[in-house]
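2 protein chains.
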Amino acid sequence: MSTLFSIGTLSKAAGCKVETIRYYEKIGLMPEPARSEGGQRRYHRKHRERLRFIRHSRELGFTLDDIRELLAMSEQHGHADSIARRHRAAVQNRIRSLTALRDELDRMIEECEQGHEGECRVIEVLSDHQECSGDH
Amino acid sequence: MSTLFSIGTLSKAAGCKVETIRYYEKIGLMPEPARSEGGQRRYHRKHRERLRFIRHSRELGFTLDDIRELLAMSEQHGHADSIARRHRAAVQNRIRSLTALRDELDRMIEECEQGHEGECRVIEVLSDHQECSGDH
DNA sequence: GCTTGAACCTGTAGTCACTATAGCTTTTTT
DNA sequence: AAAAAAGCTATAGTGACTACAGGTTCAAGC
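Structural data, given as structure tokens:
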């Protein structure tokens with residue numbers, strides 16, 4: 000009848016380490032669960048859902064403070080999509096500059112293949128990059 | 000005639016904090032510069048280039064250890080193109096996962112908009128995701 | 001030439017989001 | 001019942017900075 004499970008089981012269900020769960024509890028992101036006779040943590044479905052939400056959000060790059068805010072908003076039906084939008088913009092910027100860098104590297108590699116005697120000047124090219132595309 | 004400049008000038012030229020430069024020096028990522036009579040750091044162009052390279056690479060998500068390796072290998076002549084190639088592969092990977100992330104955020108935002116009565120489902124989307132698409 | 005005040009110095013401590021370790025107790029399995 | 005696995009707390013360490021305290025040096029204005 001009991002649907003309770005241990006911290007190890009929860010950690011597997013959410014794909015994170017046991018220590019991380021205890022850490023989330025310590026900083027108040029996860030609620031304090033029930034305890035067994037001997038003092039071990041006992042969780043149920045709600046904990047698992049919450050933890051999965053936290054972990055997935057972390058994977059998407061939200062900070063713990065973002066997540067705290069998201070969780071708070073979800074409790075009062077505010078609109079949480081502004082955070083997602085903000086995050087999306089940051090991701091897009093990063094993609095843009097990585098793409099520029101990749102193209103730059105392609106150019107370098109090609110130059111190397113043409114047998115330019117000597118080195119490719121990785122540092123110069125990469126440090127110049129900021130000046131020519133400069134969107135930081 | 001002197002092309003030397005202070006740590007504050009360097010920090011502005013590279014877009015980072017003064018403390019960060021001293022930190023890089025401490026961990027051996029930036030070389031110890033010359034000093035003024037009174038003991039203040041005096042840099043020149045080469046330092047600026049190197050620091051810009053480091054900062055730009057950091058912005059793109061490379062670790063200081065990655066950067067250390069890149070810098071070290073770029074100093075041994077001849078191997079530069081293999082570094083570039085390896086680096087390119089890493090950049091491509093990062094682009095791939097960021098693109099996936101962006102698409103997912105788009106999906107989230109869109110689903111948010113569909114719940115037009117101010118009802119945002121970001122939270123549901125985030126906690127459900129792992130179960131339905133689960134590729135982490 | 002003197003006096004401000006901004007910029008610099010060293011060293012240490014704090015931040016975020018964990019992760020690892022030590023030394024113990026509880027639970028599960030054999 | 002014994003052994004192994006998993007749990008407990010508390011503390012320290014990680015990476016990549018960032019902030020602070022308390023002092024020194026430098027450039028500019030008078």
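In order, the protein sequence lines correspond to chains A and B. Counting in numbering that gives the first Met the number 0, the first sequence runs without a single skipped number right up to 135 at its last residue. Counting in numbering that gives the first Met the number 0, the second sequence runs without a single skipped number right up to 135 at its last residue. Note that beta-carbon positions come from the ideal geometry of N, C-alpha and C, so glycine has one too.
Got a sec? Which residues, its chain only, sit under 8 Å from residue i by beta carbon, not counting five neighbours each side?
i                : result
MET29 of chain A : ILE20, TYR23, HIS46, ARG49, LEU50, ILE53
GLN39 of chain A : SER5, ILE6
LEU3 of chain A  : ALA33, ARG41, TYR42, HIS43
SER10 of chain A : LYS16, VAL17, THR19, ILE20
GLU31 of chain A : GLU24
VAL90 of chain B : LEU59
Grab me the residues of residue i's own chain with a C-beta within less than 6 Å of its C-beta, minus the 5 sequence neighbours each way, in chain order.
i                 : result
ARG101 of chain A : none
MET0 of chain A   : Low local confidence applies: a pLDDT of 45 at MET0 of chain A is under 50, so the model's placement there is unreliable, with the coordinate-based value given in what follows. None.
SER35 of chain B  : ARG41
ARG57 of chain A  : none
ILE66 of chain A  : ILE53, SER56
To which residues of the same chain is residue i closer than 7 Å at the C-beta, ignoring the five residues directly before and after it?
i                 : result
GLY7 of chain B   : VAL17
ALA13 of chain B  : ARG47, LEU50, ARG51, ARG54
GLY60 of chain B  : ARG93
GLU109 of chain B : none
GLU130 of chain B : Residue confidence for GLU130 of chain B is low, a pLDDT of 42 falling below 50, so the modelled location carries little weight; the figure read from the coordinates is stated next. The answer is none, since no qualifying residue turns up.
Would you call residue i buried or exposed, if buried means 16 or more other Cβ atoms sit within 10 Å of its Cβ?
i                 : result
ILE26 of chain B  : exposed
SER73 of chain B  : buried
ARG106 of chain B : exposed
Kindly give me the distance between the Cβ atoms of residue i and residue j, rounded to whole angstroms, as I take these residues to be in contact under 8 Å.
i                : j                 : result
HIS55 of chain A : LEU104 of chain B : The pair is not a contact, with the Cβ atoms about 12 Å apart (cut-off 8 Å).
ARG93 of chain B : LEU97 of chain A  : 6 Å
LEU69 of chain A : ILE82 of chain A  : 6 Å
ASP80 of chain A : CYS111 of chain B : 4 Å
In the DSSP assignment, find the unbroken alpha helix (DSSP H) run with residue i in it and report its ends.
i                : result
GLY7 of chain B  : 6–13
ALA46 of chain A : According to the sequence shown, residue 46 of chain A is His rather than Ala. Looking at the DSSP string, the run of the alpha helix (DSSP H) that includes HIS46 of chain A is 44–58.
ILE20 of chain B : 17–25
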